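Reviewing the structure listed below.
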Amino acid sequence: MNYNSADVPSKFRADIYLLGITIIWGASFVAVKTALDFSSPFLFLSMRFFLATLILFILFRKSIMRIDKETLKAGLFVGMLVGIGYGSQTLGLDYTTASKSAFITGTFVILVPIFSIFFEKIIPRKLLWVGVAFAIVGLYLLTSPEGGEFNIGDKYTALGAVAFGAHTVSLQLYSKRHDFIQLTFLQVIVTGFIGLISALQFETPRFEANYTLFSIIAGTAIFPTVLCFYIMTKYQRHTSSTRAAIIYSFEPVSGALFAYLILDELLGTRGIAGAILIFVGMLISELKKRKTVT
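Here the sequence shown stands for residues 16 to 309, where the numbers follow our numbering.
Laid out in structure tokens, this is it:
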């Protein structure tokens, strides 16, 4: 069943909403960085997503209680991809540098149009490929990846990038066929369980209870999780998956900006150039021709 309403937002308006969530995600980097001083990564991830699950259930319990078998299967699949993405990225950070992690994760931008060809049967138009190229070069300059050897942490992170790319395309397909609120709930709860399993499997759980940690868990559950997953699932279906991926590449730009404003971390000349290139890639993706294939 198609859940698109008659009042379909314009692609530009959908893109603005998606850009908005990258700003929230970027701001959350600072909060998560602080939270990890008091909690092990996977345990924090599970608590954040389980609290988000509870909030979503309270807000939308009537819709959630009507989840059918087909929606359940779709939600479990896209949720598994999100959980693998977050889990692999977090595990990889134990073995590789933050800059390499950021760049490798960002390469999911180039995987999305490739997945689109195979799974959506859509060949992205040339301008979108140009936008992807600008975004990838911009990500490289922005993150300034260090270390030439491809280590085990990089492999875990690359697995996460593949999962994020597959998730973007899968969400594009399933959000057009199923209730977006139900899909949002399923993605969040599955990620919570993957975080908990990973905490028990890959780390010695650590949790130093204090006001700062509890407030960050609550804040990240509400804004970058409940709000952003809701917006992403609702509005990504109104744009192309490749264009959405280019927009999502703005997340590290947002993260770097908030790190500069709050943590006094310097962006540098390369970083500024990278941010500009990512922004240019986004603008190119918005250019239109009379006939498009997306």
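Where a beta carbon is used, it is the ideal one built from N, C-alpha and C, also for glycine.
All values derive from a computational prediction rather than experimental measurement.
Asked                                                                                                                        : Found
C-beta atoms of LEU143 and SER300 nearer than 8 Å                                                                            : yes
Distance CB(GLY296)-CB(PHE149) smaller than 8 Å                                                                              : yes
Nearest candidate by alpha-carbon position, reference THR240, set ASN166, GLY94 and LEU188                                   : GLY94
SER230 versus THR158: straight-line alpha-carbon distance, rounded                                                           : 29 Å
ALA29 versus PHE244 - alpha carbon distance                                                                                  : 14 Å
One or two residues paired with SER103 in a DSSP bridge                                                                      : Paired residue(s): none; SER103 is not in a bridge.
Own chain, CB closer than 6 Å to PHE179, minus 5 neighbours either side, in chain order                                      : GLY100 and PHE123
Nearest-angstrom Cβ-Cβ length linking THR183 and ALA67, presumed shorter than 8 Å                                            : Not really, about 20 Å apart at Cβ, beyond 8 Å.
PHE273 - containing alpha helix (DSSP H), residue span                                                                       : 266-278
Of the residues THR254, SER213, GLN251 and VAL203, the one placed nearest PHE92, counting alpha carbons only                 : VAL203
Chain-order list of residues whose beta-carbon lies under 7 Å from that of ILE119 (same chain, five-residue window excluded) : ASP169, THR172, ALA173 and ALA176
Status (buried if at least 16 other CB within 10 Å, exposed otherwise) for MET62                                             : buried
8 Å Cβ cutoff, PHE53 in contact with chain D                                                                                 : Note that chain D does not occur in the displayed structure, where there is just one protein chain.
Three CB pairs or more closer than 8 Å across the segment 250-257 and the segment 70-90                                      : no
Cβ shell of GLY207 (< 6 Å), same chain only, five flanking positions each side left out                                      : SER61, PHE64, PHE65 and THR68
Run of the alpha helix (DSSP H) containing SER61, from where it starts to where it stops                                     : 56-79
Whole-angstrom distance between GLY289 and PHE165, CA atom to CA atom                                                        : 23 Å
Residues near ILE39 in its chain [Cβ-Cβ closer than 6 Å; skip 5 each side]                                                   : PHE238, PRO239 and CYS243
Range covered by the alpha helix (DSSP H) that runs through GLN197                                                           : 195-217
Between the CA atoms of LEU276 and MET247 - distance to the nearest angstrom                                                 : 26 Å
Straight-line gap, GLY13 to SER185 (C-alpha atoms, nearest Å)                                                                : As displayed, the chain neither begins before 16 nor continues past 309, which places residue 13 out of reach and without an answer.
Under 8 Å between C-beta atoms of VAL47 and PHE273                                                                           : no
Close Cβ partners of LEU51 (< 7 Å) along its chain, the five nearest in sequence each way excluded                           : PHE59
Residue from TYR110, LYS26 and ILE151 whose Cα sits closest to the Cα of VAL127                                              : ILE151
Enclosing alpha helix (DSSP H) for PHE130 [first to last residue]                                                            : 123-130
PHE27 beta carbon less than 8 Å from that of PHE200                                                                          : no
LYS136 versus TYR189 - alpha carbon distance                                                                                 : 15 Å
Cα-Cα separation between LYS115 and PRO220, rounded to whole angstroms                                                       : 25 Å
8 Å CB neighbourhood of ALA271 in its chain, flanking five on each side removed                                              : GLY41, LEU157, GLU280, LEU282, GLY286 and ALA290
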